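Just so it is clear: in the sequence shown, position 110 is 110 by the working numbering, and no numbers are missing.
By construction, the Cβ of each residue, glycine as well, lies at the ideal position given by its N, Cα and C atoms.
Being a predicted model, the structure only gives us computed values, none of them experimental.
The structure appears below as structure tokens.
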Amino acid sequence: QLWLQEALYLCDSSLEGVFDASPVLVERVHSCYIVGSLIMVRLAIIGRGVNISVFRDRYNGICKLKQELEDRGVCSTFRREPFVMQITGDPGIGKSQMAYRNMIHLLQATGLLNG
């Protein structure tokens, strides 16, 4: 019941413009999606004797909202574009150490590595 209330709240059309300004709401959509996925798996195990249409409709709404947020670039799992760095040279000149130091520096600069 709590999950349904959360899903109804998050899918409310009046919140549409708020997601850009509130990362907490985006996290709540992601959490609701995860919990909804677990609920749907449990309901599927129960069998055909249970009417799951209300849960399925809300779950589909959360899936759609999550996809819309990802398409707009507003998602809780921010991804950076991958890149390749090639270091060439003779053996024994320190390519591995240079690559290691550069990767540490790049990770720190992006905030993915603290320290």
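For residue i, collect the residues of the same chain with a Cβ closer than 6 Å to its Cβ; drop the 5 residues on either side in sequence, then sort them by chain order.
i: residue 6; result: 32
What number of angstroms, rounded off, separates the C-alpha of residue i from the C-alpha of residue j?
i: residue 23; j: residue 107; result: 23 Å
i: residue 104; j: residue 85; result: 13 Å
i: residue 88; j: residue 110; result: 25 Å
i: residue 95; j: residue 72; result: 39 Å
i: residue 97; j: residue 90; result: 14 Å
Ordered along the chain, which non-local residues of its own chain (more than five positions away) have a Cβ less than 7 Å from that of residue i?
i: residue 19; result: 25, 26, 69 and 74
So, at 8 Å on beta carbons, what are the nonlocal neighbours of residue i in its own chain, with the 5 sequence-adjacent residues on each side left out?
i: residue 16; result: none
Out of the options, which one is the CA nearest neighbour of residue i?
i: residue 57; options: 71, 37, 46 and 101; result: 37
i: residue 34; options: 46, 92, 3 and 45; result: 3
For the alpha helix (DSSP H) that contains residue i, what are its first and last residues?
i: residue 42; result: 23-46
i: residue 54; result: 53-71
Is it true that the segment 5-20 meets the segment 61-74, where meeting means three or more beta-carbon pairs spaced less than 8 Å apart?
Enough Cβ pairs lie closer than 8 Å, so yes.
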